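Asks: Structure incoming, see below.
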Amino acid sequence: MVSEQQPLILEQRVSKHADTDLHCHEVSLRLSDDQRHLILSRYSEHYSPLGSQSAERHYQVPTVDALRWLVQRAEQSA
């Protein structure tokens with residue numbers, strides 16, 4: 053389930069290859085609607101004279117697990 057909230061854009065890139073190909077890439081982070089999961093999304097598009105392709109992937113982790121991981125890392129570096 054993907055939230056309707058605005059995502060936090062972590063990376064957004066557009067690059068041109070071989071004078072004709074165009075590649076767009078975006079990575080974003082958001083909370084699920086129930087706020088129980090952090091969702092990392094990757095989206096890419098590729099345009100060329102032969103056509104276009106797009107792909108979108110979503111990875112999720114329970115919010116509680118992500119927060120525990122952050123706290124553990126903070127304690128280790130203190």
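Numbering (this note's numbering), first residue to last: 53 to 130. Glycine residues also receive a C-beta, built at the ideal position from the N, C-alpha and C atoms. No experiment lies behind these values; they were computed from the predicted model shown.
1) Just curious, the beta strand (DSSP E) that residue 88 is in, first and last residue?
2) Cβ atoms of residue 93 and residue 77: under 7 Å apart, would you say?
3) Does any heavy atom of the ligand NAD sit closer than 6 Å to the C-beta of residue 68?
4) Using the beta-carbon count (16 or more within 10 Å), is residue 65 buried or exposed?
5) What are the complete alpha helix (DSSP H) segments, minimum 4 residues, inside the stretch 71-120?
6) Count the other CB atoms within 10 Å of the CB of residue 89; is the residue buried (16 or more) or exposed (fewer)?
7) Thinking C-alpha only, which one of 75, 61, 124 and 111 is nearest residue 100?
Replies: Taking the structure as given:
1) Looking at the DSSP string, residue 88 is not in any beta strand (DSSP E), and its letter there is neither H nor E.
2) In this structure, residue 93 does not lie closer than 7 Å to residue 77 by Cβ.
3) The model depicted lacks the ligand NAD and carries no ligand whatsoever.
4) Exposed is the call here.
5) DSSP runs (the alpha helix (DSSP H)) wholly in the stretch 71-120: none.
6) Classification for residue 89: buried.
7) When each option's Cα is compared against that of residue 100, the closest is 75.
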